[in-house]
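A quick write-up on the structure given underneath.
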Amino acid sequence: MIDRDAPVFVAGHRGLVGSAILRRLEADGFSDLRTAGREELDLRDQSAVDAWFDAERPRHVFLVAGTVGGILANSTRPAEFLYDNLMIHGTVVHASHRVGVEKLLYLGSSCIYPRHAEQPITEEALLGGPLEPTNEGYALAKIAGIKLCETYRRQYGCDFISAMPTNLYGPGDNFDLEGGHVLPALMRRFHEAREASAGTVAVWGTGAPRREFLHVDDLADACVFLMDHYSDAGHVNVGTGVDGTIRELAEAVRDLVHPDAAIEFDTSKPDGMPRKVLDVSKLTALGWQASIPLEEGLAGTYAWYRQALADGTVRH
Ligand code: GDP
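Here is the structure:
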């Protein structure tokens, strides 16, 4: 178990994942949480990151910061996704080594795996074939992050571990229609259609791709579990092991938000990877599994979204 009284840095605390990890750590009695907003610290800048680490001296780090987005943002801004993430992973891993951080958890993504990886995808599928082109820049940066943790462990003996989550959702998500991921985008589109009494809602692509969705509170729980119980070089998949089609997801969101609406597929938009579901047997064998069913997670996220709209705090 990592020390609940040690200084812990959550890099990326305003994002979907970082905010969930902060909530989880607070609930778990961590007493010395350190954060740095974008305006205060540019994580792409090694000297700024070094100065921040010298001043704050964290003992544990959750590296969950990054430039993230959905299929359109990834495919139209590949340079930003590659550069920002390469730099952020490099600066934080290096600074953590330099000040002697005892344990770091690095968060990757299931898009690191080859487009034609065998499904469900095991950890061993990494670098076994070409990547999905719509998120290649992001995936390359994420693979570099895994290799940073592995090489700092091998060369310097750092206890840096990596977790690869599947598609995430939950409170604090980005509800931007162009830049965000499918689940919040559909929730917002059905919500706005209901408000406008509109009968049809657009869903990108063919509806045929299969995706797995993990609630971000489950992910945060898995991250703390791995920090407490895992100290090895190999990355660990984090997911539910269960997937469904985008059509099924759209129908579930429709039934929750605007049951009268009809779904219209916009096939001018890309499908991306045909299927993405993780083999989670390594994490299950370590003793962790997801506990929030999709239906319950959708309802909770929609309640959060409506409250955030009322409060004016939703990210659009
Ligand atoms: P991906 O797993 O990297 O492809 O992440 P996304 O969440 O961006 O997309 C997942 C799937 O949902 C893709 O097949 C998209 O084409 C599909 N999709 C359907 N409607 C939307 C939408 O409004 N926004 C996004 N981002 N994806 C959508």
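According to numbering that gives the first Met the number 0, the stretch in the sequence shown is residues 0 to 315, in order. We put the beta carbon where it would ideally sit given N, CA and C, even for glycine. Predicted model only: the values in this text are computed from it and were never measured.
- Under a 10 Å Cβ-count criterion, residue 126 is classified as exposed, with fewer than 16 other Cβ atoms of the shown protein chains found around its own Cβ.
- 121 is the residue among 41, 131, 121 whose C-alpha sits nearest the C-alpha of residue 283.
- Under the three-pair Cβ rule at 8 Å, the stretch 123-138 does not count as touching the stretch 206-224.
- Note that the C-beta distance between residue 117 and residue 124 is below 8 Å.
- DSSP places residue 168 in no alpha helix (DSSP H) but in the uninterrupted beta strand (DSSP E) bounded by 166-168.
- Membership of residue 73 in the alpha helix (DSSP H) is indicated by the continuous run 70-75.
- Between residue 161 and the set 172, 170, 153, 149, the nearest pair of CA atoms involves 149.
- For the pair of segments examined, the stretch 18-33 was found to touch the stretch 214-223: the number of CB pairs separated by less than 8 Å reaches three.
- Rounded to whole angstroms, residue 200 and residue 72 show a C-alpha spacing of 21 Å.
- A Cβ closer than 5 Å to some heavy atom of the ligand GDP marks a residue here, and those residues are 69, 70, 180, 181, 184, 202, 203, 204, 208, 245, 270, 271.
- Within the stretch 77-147, the alpha helix (DSSP H) runs of at least 4 residues that lie entirely inside it are, in chain order, 77-97.
- Rounded to whole angstroms, the separation of the alpha carbons of residue 265 and residue 55 is 49 Å.
- Rounded to the nearest angstrom, the gap between the Cα atoms of residue 311 and residue 187 is 14 Å.
- Counting along the chain, no beta strand (DSSP E) covers residue 174, and no H or E run does either.
- Listed in chain order, the non-local C-beta contacts of residue 49 below 6 Å within the same chain comprise 94, local neighbours out to five positions each way being set aside.
- In the structure shown, residue 163 adopts extended strand secondary structure according to DSSP, grouped into three states.
- Distance between residue 307 and residue 78, taken at the CA atoms: about 32 Å.
- The distance from the Cβ of residue 0 to that of residue 227 is about 5 Å, consistent with a contact at the 8 Å cut-off.
- In the three-state DSSP reduction, residue 33 falls in the strand class (E or B).
- The beta carbon of residue 23 sits closer than 8 Å to the beta carbons of 216, 219, 220, 222, 223 from its chain, once the five residues preceding and following it are set aside; these are given in chain order.
- In the DSSP assignment, residue 67 falls outside any beta strand (DSSP E), carrying neither H nor E.
- Only buried fits residue 183, as 16 or more other CB atoms lie within 10 angstroms of its CB.
- Contact annotation, residue 244 with residue 206: C-beta distance approximately 6 Å; criterion of less than 8 Å satisfied.
- Listed as beta-bridge partners of residue 24 by DSSP are no residues whatsoever.
- Taken in chain order, the complete beta strand (DSSP E) segments of 3 residues or longer contained in the stretch 209-290 are 212-214, 235-237, 261-265.
- For residue 8, DSSP records a beta bridge to 33, 60.
- For residue 258, the closest alpha carbon among the candidates 193, 36, 146 is that of 193.
- Between residue 202 and the set 294, 251, 167, 66, the nearest pair of CA atoms involves 251.
- With a contact defined as Cβ atoms closer than 8 Å, residue 62 and residue 105 qualify at about 5 Å.
- Cα atoms of residue 32 and residue 277: separation of roughly 31 Å, rounded to the nearest angstrom.
- Per the coordinates, the alpha-carbon of residue 101 lies some 6 Å from the alpha-carbon of residue 59.
- Scanning its chain for C-beta atoms nearer than 6 Å, with the 5 sequence neighbours on each side dropped, one finds around residue 287 the residues 221, 224, in chain order.
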